[in-house]
Each structure stands twice: as C-alpha cells, then as structure tokens.
Amino acid sequence: MIKIYRKLRDLLDARERRNAVLLFGMMLVMGLLEAVGIASVMPFISVVSNPGVVETNEYLNAVYTSLGFTSTDAFLLFLGGGVFVLVVGSLAFKALTNWAMARFTHMRNYTLSSRLLRGYLGQPYSFFLNRHSSDLGKSVLSEVGQVIGNALMPAMNLMAHGIVAIFLVALVVAVNPVVAVVAVLVLGGAYSLIYGVLRRYIGRLGIERVKANQERFQIAQEALGGIKDVKVLGLENGYIRGFAGPASRFARVQATNQIINQVPQFALQGLVLGGMIVLLLVLLAAEGGELANVLPVIALYAFAGMRLMPALQQVYGALAKLRFGQPALEALHRDLVETEQAGASATARVRAETDEVLPLKESIELDGIVYAYPEAEQPALNNLSLIIPARTTVGLVGSTGAGKTTAVDLILGLLEPQQGHLKVDGQPVNGEGLRAWQRNIGYVPQSIFLTDDTVAANIAFGVSPEQIDLTAVERAARIAELHDFVVSEMPQGYETLVGERGVRLSGGQRQRIGIARALYHDPEVLVLDEATSALDNLTEKAVMDAVHNLGHRKTIIMIAHRLSTVRECDRIYVLNHGELEAQGTYDELVESHENFRAMATH
Numbered sequence: 001m002i003k004i005y006r007k008l009r010d011l012l013d014a015r016e017r018r019n020a021v022l023l024f025g026m027m028l029v030m031g032l033l034e035a036v037g038i039a040s041v042m043p044f045i046s047v048v049s050n051p052g053v054v055e056t057n058e059y060l061n062a063v064y065t066s067l068g069f070t071s072t073d074a075f076l077l078f079l080g081g082g083v084f085v086l087v088v089g090s091l092a093f094k095a096l097t098n099w100a101m102a103r104f105t106h107m108r109n110y111t112l113s114s115r116l117l118r119g120y121l122g123q124p125y126s127f128f129l130n131r132h133s134s135d136l137g138k139s140v141l142s143e144v145g146q147v148i149g150n151a152l153m154p155a156m157n158l159m160a161h162g163i164v165a166i167f168l169v170a171l172v173v174a175v176n177p178v179v180a181v182v183a184v185l186v187l188g189g190a191y192s193l194i195y196g197v198l199r200r201y202i203g204r205l206g207i208e209r210v211k212a213n214q215e216r217f218q219i220a221q222e223a224l225g226g227i228k229d230v231k232v233l234g235l236e237n238g239y240i241r242g243f244a245g246p247a248s249r250f251a252r253v254q255a256t257n258q259i260i261n262q263v264p265q266f267a268l269q270g271l272v273l274g275g276m277i278v279l280l281l282v283l284l285a286a287e288g289g290e291l292a293n294v295l296p297v298i299a300l301y302a303f304a305g306m307r308l309m310p311a312l313q314q315v316y317g318a319l320a321k322l323r324f325g326q327p328a329l330e331a332l333h334r335d336l337v338e339t340e341q342a343g344a345s346a347t348a349r350v351r352a353e354t355d356e357v358l359p360l361k362e363s364i365e366l367d368g369i370v371y372a373y374p375e376a377e378q379p380a381l382n383n384l385s386l387i388i389p390a391r392t393t394v395g396l397v398g399s400t401g402a403g404k405t406t407a408v409d410l411i412l413g414l415l416e417p418q419q420g421h422l423k424v425d426g427q428p429v430n431g432e433g434l435r436a437w438q439r440n441i442g443y444v445p446q447s448i449f450l451t452d453d454t455v456a457a458n459i460a461f462g463v464s465p466e467q468i469d470l471t472a473v474e475r476a477a478r479i480a481e482l483h484d485f486v487v488s489e490m491p492q493g494y495e496t497l498v499g500e501r502g503v504r505l506s507g508g509q510r511q512r513i514g515i516a517r518a519l520y521h522d523p524e525v526l527v528l529d530e531a532t533s534a535l536d537n538l539t540e541k542a543v544m545d546a547v548h549n550l551g552h553r554k555t556i557i558m559i560a561h562r563l564s565t566v567r568e569c570d571r572i573y574v575l576n577h578g579e580l581e582a583q584g585t586y587d588e589l590v591e592s593h594e595n596f597r598a599m600a601t602h
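My numbering applies: residue 1 is where the sequence shown begins, and numbers increase by one.
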C-alpha cells in the first residue's frame, strides 16, 4: 500500500502535492467534526429520557448552571439545537471536503493526461517505432481515467473515511472500551478476512482489465483506420468477432470488481444488526432493566454505527479498488515518470516556441553517419557521408532497405546519429539548433496525413484558424498547381472540408495539398519521401512538374523507387546497405553504374 501511495505521489507536481496536504487537513477536521456531532447526541438523549440527570451529572449540571438555565425544558431545547447545529455543520463540512476531493481528483484527469501527451510528444522519433499508436492513445484517453477512478480517488477515500473511522472508534472507546474493542475486532476482522481472501484475485482482475482494454483499443483503431480495406475484403465480421472477446472480458472484469466491492456491505449488515440487539440486551441486564440508563449509550452506538459502517465499507472499497487499479497505475507511472525523465531535453524542445530559422547558405552534409534501429542486428546507415549543395535538386535511390528513408529522417532531425554528424553550412546541428533547422524544412511523405478540416487548414497544418495566412495558403497552392482546382472545383473553395484523411479527394489532390503544406512556411529545404509512388503516371508527372517548377530557388531532396521522378535531379545518390555506392547525374549513372542502369530499364 505504501508503494501505491509513493507512485501516486510521483504523479503529482509540487503544487498538487501541497493541495493534497491541505485536503488531508480538511479530512482531519471532517473526522473530528463527525465524532463531535455524534458525541453531542448522548447528553441530549440522556436529558430526554431522564430530565433529572441534569442535577446528578456533574458535566451537564456545570453547563446548566453556568449558562443560567432555570428550566430543564429550555435546557433540552438548547441541547437539541446544539446537536442540530453540530450535525448539520459536520455534514456541511463533509460536503465541502468531498467537493474538494472530487475536484482535486477529477482535475488530475486533465493535468495527468496533458502531461502524458506532452511526455509522449517529447520523446525522440525512435520511441514511436517500438510503440503501437493505439496503446499510446489508450493511455492518454482511457488509462489516465482508470488511474483516477481506481487509484487516486480510492486513495483519497481511504484516507478520508479511514480518519472518520478512527475518530468514531476513539469516541466509542471513550464511552465503553470493552464494547469498542469487541466491535472493532469483529468488524475489522471481518473486513480484513474478506479483503485477504480476495486480494490476489482482485489484482489478477486489474491485470486482465489493462490487457483487455489495450486489445479492444487496438482492434477498434485498426478496423476504423483501415475501413477501405476492411470493406473491400469483407472483414467486418472478423473484426467484430475479434473485438467481442476483449470487450466482453473488459465488461466482465469491471462488473466482477464492482460486485466484489459490495460483498462486505451485504454480508455484515445482518451481523451489525444482531450485534446491536445483543448489546441492548446485555446493557439492559447490566442496568437492571432501566431503559433510561441504557438509552443514551444505545443511541450513541446506533448513531456511531450509522456512520461507522459506511466508513468501513468505503475503506474496504478503496482498498479493493486500489488493488484493482494497481496495474494501470504502474503502467501510467512508468510511462509518465520515465518519459518525463528520459525526454527532458526533447520535452524542452516541445516547449520551446521559437520563430528562429536556421538558414541554409552552402550545403547539407551527412558526415560519417552510423545509425542502427533498436534491436536491429545491422546498422541502417554505415559510415554514410554525402554533401547536398544548397539550391540543388538531389535524389536518393536504392533498393528496399538501402537506407534512404533513414538518411532522410536524419536530415529531418527525427533520428539522432549514433556516430557522425548532420551539418548545415559546415556546422553540426543538434540541441536547440535542431528546432530552428526543422523550421526551415518542408516535408512531403508518401502518405499525406489530412485532418477532417478545410483545405486552408490542411495546408496551414498546425496553425490556429485565426492565425492562418490566406495569402501564404494561396501562394503555396499555386506553386503546387492546386489553386485552380480549389477555386473552380471545390464548392467553398479553400473553406471546403476534405473529409477524414481526405477521403473526398483523389490521390493527386492529396499529394498537391501535401506539397502546398510543405511550402506554406516558405522553407528553403523541401524533402519528398516517395511522395509520388502511389500515383499514376499522368498524376505523377503533374505533381513532379510542380516540384521542378521551383527550379533552383530551393534545396529539394527526393526519395524515389521510380527513377523517372529523379531524372531531372542535379545529382543522384545511390545507396546500398546503408552506404553510398555511387553518385552522379542520371545519364552518368546509367552509363557507369550497372545496378542503376538495371533499375532504370525496369
């Protein structure tokens, strides 16, 4: 249990920890007020059942005389009013404490999910190569909520109701230690026995919930993300059946856990009722059958029991939920704490909103680059060195696995070389300069990511709507040969919605939007990563004409499988097994390089 509280503490920042301490103070006051409110019932019932007790009880008599009462009826009204004020006051403060607890815990859903997303986005690109996007999305959107509901909130409830239970037990002990000890041993022993029997089972349920939740998120994302293939291949029923398994396990585990939380409540209600009857009979026998002497004590026990039973049930429920939520807590703790620690520098880059741009005047250089992907047996790039002069168009070609995309990812600053340097104008690019370099790059991938938004918003991707520069949007669209289509064919022009992932557009139109997006900020470097490989020949020619129309105004780096797209390049680099095998113009390589000539003739 201490381990769980330490992990929860790790999830909170300094301000949140201070707020948690203040909440703990409110819980102490709440427990004290609860006990005082219940204790006030005993003198009131004593006077109701036997007004003469005002004369015989030294404490009541002291209050009676010091306040100048002359009538027991008036004193009884005073006691009744005092009980009412104390009980209502304790309930009001309890409501305030519960509101503060609820607000604190639910606001952590916002802060933790935001920090987790920031932690993920602060990781290097290589981090995402080994993590499933559905797993990351599940953690941000679902698992944080599970940790709040099954760890943080139960931990707060455990402290709050545990404090109340301690004060109530102390009150009962003060009245009759023997009865209090017996009651605590019976009730506490019963709850401890039930929790001890179910503890391991609850832990297994928690592990099963995390696993089932991960599986159902992954299946749902794959089914909806690949809906076109799913429809064409008729895989709907297969995905539905695949989703049914983890979804039903998830629901069954949640239901089982909820039932387990309620088991003691039903099992012990009869025990408590029987105990109260036995206690009444024992006290009556001890007092010779004088109900007036027994009634105040019984009223106190009954009132305390009404508060103590729910408190003990809440304590048990909190313990069970903490056990159930522990696997989710450990997963969130690992991701949040470790990503924030491991990605501190990268996270700083995320926070750094800078307008600085690293200009390119002379060349881009990969100098002795060695890079191996995690757990790979061979390096993807092995001592790769090449120079790309500024304002030239170059192509990277080679067979699958030659290292083209890895080289481009290094130029983009997505990967960090294990040996060697990325240099711009002869100076290594790293640290804070990396973000400034990335701001000078436009990137066009093979598959263009489009949001369900307007054409303008997709071209100015990542820019808030009120800050979109429509002049820059139109300029980029004209360069990408997209403007005429937008104004003549799209019903709302640049304000036309493109649909999720651009489903309402053709492949060529999506690629042109991708090129326009890369040109929106007018970067000096344009990188095309097999940007036309999925297009037909006519569309590819139109897109490439748009690229080549940029002439020597920009530095253009292209990856291509079809060599027709790099025919007009100023220089072509041939990669093989992560090494530079040859370089030259298209005609020079056709003449001198056998492998390139073979690729060109196919």
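Idealized CB from N, CA, C, for every residue including glycine. Computed from a predicted model, the values in this text were never measured in an experiment.
### Query
Which residues in the same chain as residue 113 place their Cβ atom closer than 6 angstroms to its Cβ, once the five residues preceding and following it in sequence are excluded?
By one-based count along the sequence shown, residue 113 stands at place 113. Cβ within range, chain order: 140, 144.
### CB contact flag (residue 93, residue 33, <7 angstroms)
In the sequence shown, the residue the question calls residue 93 occupies position 93. In the sequence shown, the residue the question calls residue 33 occupies position 33. Contact: yes.
### Query
Closest to residue 110 by CA distance: which of 186, 98, 79, 142 is it?
As a position in the sequence shown, residue 110 is number 110, starting the count at 1. Measuring from the Cα of residue 110, the nearest candidate turns out to be 142.
### Query
Are at least three pairs of beta-carbons, each pair with one atom in the region 489–503 and one in the region 399–410, less than 8 angstroms apart?
no
### DSSP bridge partner residues for residue 584 (one or two, in chain order)
For this step, residue 584 is matched to residue 584 along the sequence shown. DSSP output for residue 584 lists 572 as bridge partner(s).
### Query
Relative to the C-alpha of residue 201, which residue among 67, 324, 526 is closest?
The residue given as residue 201 occupies position 201 in the sequence shown. Of 67, 324, 526, the residue nearest in Cα terms is 324.
### Query
Would residue 240 be called buried (16 or more neighbouring beta carbons within 10 Å of its own) or exposed?
Translated into the one-based positions of the sequence shown, residue 240 becomes position 240. Classification for residue 240: exposed.
### Query
So, using beta-carbon positions, are residue 340 and residue 137 closer together than 7 angstroms?
By one-based count along the sequence shown, residue 340 stands at place 340. By one-based count along the sequence shown, residue 137 stands at place 137. No.
### Query
Cα separation between residue 483 and residue 355?
Reading the sequence shown from its first residue, position 483 is the one you call residue 483. Reading the sequence shown from its first residue, position 355 is the one you call residue 355. Each residue's Cα considered, the two are about 27 angstroms apart.
### Message
Suppose you measure from the CA of residue 414 to the CA of residue 106; what does that come to, to the nearest Å?
### Response
Position 414 of the sequence shown holds residue 414. Position 106 of the sequence shown holds residue 106. Cα-Cα distance, rounded: 35 angstroms.
### Query
Is it the case that the Cβ atoms of residue 510 and residue 499 are separated by a distance below 7 angstroms?
Looking up residue 510 in the sequence shown gives position 510. Looking up residue 499 in the sequence shown gives position 499. No.
### Task
Tell me, to the nearest whole angstrom, how far the beta carbon of residue 191 is from that of residue 322; I am working on the premise that it is less than 8 angstroms.
Taking the first residue of the sequence shown as position 1, residue 191 is located at position 191. Taking the first residue of the sequence shown as position 1, residue 322 is located at position 322. Contact flag wrong, Cβ pair sits at about 14 angstroms.
### Segment contact, 8 angstroms Cβ cut-off, at least three pairs: the region 469–485 with the region 506–520
yes
### Task
Pick out the complete alpha helix (DSSP H) segments inside the region 37–67, 4 residues or longer, and give them in chain order.
41–49, 53–56, 58–66
#### Entry: the region 324–338 in contact with the region 379–387 per 3-pair CB rule at 8 angstroms
no
### Task
Between the Cα of residue 261 and those of 212, 319, 252, 242, spot the shortest distance and give me the residue it belongs to.
Within the sequence shown, numbered from 1, the residue matching residue 261 stands at position 261. It is 319 whose Cα lies nearest to the Cα of residue 261.
### Query
Secondary structure at residue 378, three-state DSSP: helix, strand or coil?
Numbered from its first residue, the sequence shown carries residue 378 at position 378. Residue 378: coil per DSSP, three-state reduction.
### Message
Just to confirm the assignment, what range does the beta strand (DSSP E) spanning residue 558 have?
### Response
For the purposes of this step, residue 558 is taken as residue 558 along the sequence shown, with counting starting at 1. Counting along the chain, the beta strand (DSSP E) containing residue 558 begins and ends at 555–559.
### Task
Below 6 angstroms CB to CB, which residues in the same chain sit around residue 423 once its five sequence neighbours on both sides are set aside?
Translated into positions along the sequence shown, residue 423 becomes position 423. Taken in chain order, the residues that qualify are 365, 367.
### Task
Could you work out which residue in 359, 590, 454, 392 is closest to residue 435 when comparing CA atoms only?
The residue you call residue 435 lines up with position 435 of the sequence shown. The shortest C-alpha separation from residue 435 is found at 359.
### Task
Note the first and the last residue of the continuous alpha helix (DSSP H) segment covering residue 514.
Within the sequence shown, numbered from 1, the residue matching residue 514 stands at position 514. Residues 507–519.
### Query
In terms of alpha-carbon separation, which member of 206, 599, 237 lies closest to residue 251?
Working through the sequence shown from its first residue, we reach residue 251 at position 251. Of 206, 599, 237, the residue nearest in Cα terms is 206.
### Query
If residue 559 sits next to residue 394, beta carbons under 8 angstroms apart, how far is it from one beta carbon to the other, in whole angstroms?
Within the sequence shown, the letter at position 559 stands for residue 559. Within the sequence shown, the letter at position 394 stands for residue 394. Actually they are not in contact, since the Cβ atoms of residue 559 and residue 394 sit about 10 angstroms apart, beyond 8 angstroms.
### Nearest to residue 425 (by Cα), restricted to the options 403, 459, 390
For the purposes of this step, residue 425 is taken as residue 425 along the sequence shown, with counting starting at 1. Nearest C-alpha to residue 425: 390.
### Top-ranked residue by Cα proximity to residue 303, from 189, 177, 172, 238
The count along the sequence shown starts at 1 and reaches residue 303 at position 303. It is 172 whose Cα lies nearest to the Cα of residue 303.
#### Entry: Contact set for residue 152: own chain, Cβ-Cβ below 7 angstroms, skip 5 residues either direction
Counting from 1 along the sequence shown, the entry for residue 152 is found at position 152. Excluding residues within five positions, the ones whose Cβ falls inside 7 angstroms are 8, 105, 108.
### Nonlocal neighbours in the same chain, by C-beta distance under 6 angstroms from residue 604, ignoring five residues either side
Nothing can be reported for residue 604, as the shown portion of the chain is limited to 1 through 602.
### Query
From residue 98 to residue 457, what does the alpha carbon distance come to, in whole angstroms?
Along the sequence shown, one-based indexing puts residue 98 at 98. Along the sequence shown, one-based indexing puts residue 457 at 457. Going by the C-alpha atoms only, they are around 44 angstroms apart.
### Task
Using the DSSP secondary-structure output, state which residues sit across from residue 442 in a beta bridge.
The residue given as residue 442 occupies position 442 in the sequence shown. In the DSSP output, where bridge partners are listed per residue, residue 442 has 526.
### Task
Return helix, strand or coil for residue 464, following the three-state DSSP convention.
For this step, residue 464 is matched to residue 464 along the sequence shown. If DSSP states are grouped into helix, strand and coil, residue 464 belongs with coil.
### Task
Reducing DSSP to helix, strand and coil, say where residue 421 ends up.
Counting from 1 along the sequence shown, the entry for residue 421 is found at position 421. Reduced to three states, the DSSP call for residue 421 is strand.
### Where the beta strand (DSSP E) through residue 365 begins and ends
Working through the sequence shown from its first residue, we reach residue 365 at position 365. Taken as a continuous stretch (DSSP letters only), the beta strand (DSSP E) holding residue 365 covers 363–371.
### Task
Starting from the C-beta of residue 27, find all residues in its chain whose C-beta is less than 7 angstroms away, skip the five residues before and the five after it, and write them out in chain order.
Walking along the sequence shown from the start, residue 27 turns up at place 27. Closer than 7 angstroms at the Cβ level, and outside the excluded window around residue 27, lie 97, 159, 160, 163.
### Beta-carbon proximity of residue 215 to residue 177, cut-off 7 angstroms
Stepping through the sequence shown from its first residue, residue 215 is reached at position 215. Stepping through the sequence shown from its first residue, residue 177 is reached at position 177. No, they are not a contact pair.
### Query
How would you call residue 237, buried or exposed, if buried means at least 16 neighbouring beta carbons within 10 angstroms?
Working through the sequence shown from its first residue, we reach residue 237 at position 237. The residue in question, residue 237, is exposed, as its Cβ has fewer than 16 Cβ neighbours within 10 Å.
### Query
How many Å lie between residue 86 and residue 331 at the Cα?
By one-based count along the sequence shown, residue 86 stands at place 86. By one-based count along the sequence shown, residue 331 stands at place 331. Rounded to whole angstroms, residue 86 to residue 331 spans 44 angstroms at the Cα level.
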